[in-house]
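See structure below.
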Amino acid sequence: MPVKPSTPEETFFAQQELERRRSLALAREEQLRAEERRTLKERHWMRCPKCGMELLEIEHLGHRVDQCSACRGLWLDAGELESLTRAEEGGFLGNLKKAFWT
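So the sequence shown is numbered by UniProt numbering: it starts at 1 and just counts up by one.
So, in structure tokens, the structure goes:
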């Protein structure tokens with residue numbers, strides 16, 4: 001005749017099952033987030049934030065910057081503005097930097 005588990009045993013295994021399900025749910029959620037990030041990157045990679053058209057890399061003052069093929073807007077990656085202003089201290093970009101960052 002089977003022995004019915006005690007209440008502490010039932011509690012222990014219920015907690016184990018809850019933890020297992022929580023771990024599976026967290027792993028699935030992380031996988032979905034990673035897939036969503038990958039999809040968004042593929043969809044928006046090298047696209048103009050203003051009009052959505054393709055960005056082209058161009059050479060400007062010895063630096064590579066991104067220019068929209070449609071609206072001709074210029075887009076800079078992290079650190080590129082500082083690099084460009086160092087290259088053109090007395091010019092437009094240098095003065096722009098002084099106006100906003102000093």
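All residues carry an ideal CB built from backbone N, CA and C; glycine is no exception.
For residue i, tell me which candidate among the options has the shortest Cα-Cα distance.
i   : options               : result
S56 : M46, K50 and H63      : Reading off the sequence shown, one finds Leu at residue 56, where the question assumed Ser. The shortest C-alpha separation from L56 is found at M46.
C68 : H60, M53 and Q15      : M53
H63 : E82, L18, K98 and A70 : E82
G79 : R72, V65, A70 and C71 : V65
For a test of the three-state rule: what should DSSP assign to residue i, helix, strand or coil?
i   : result
L76 : coil
L56 : strand
On the criterion of 16 or more Cβ atoms from any shown chain inside 10 Å, does residue i qualify as buried, or is it exposed?
i   : result
C48 : buried
T7  : exposed
L84 : buried
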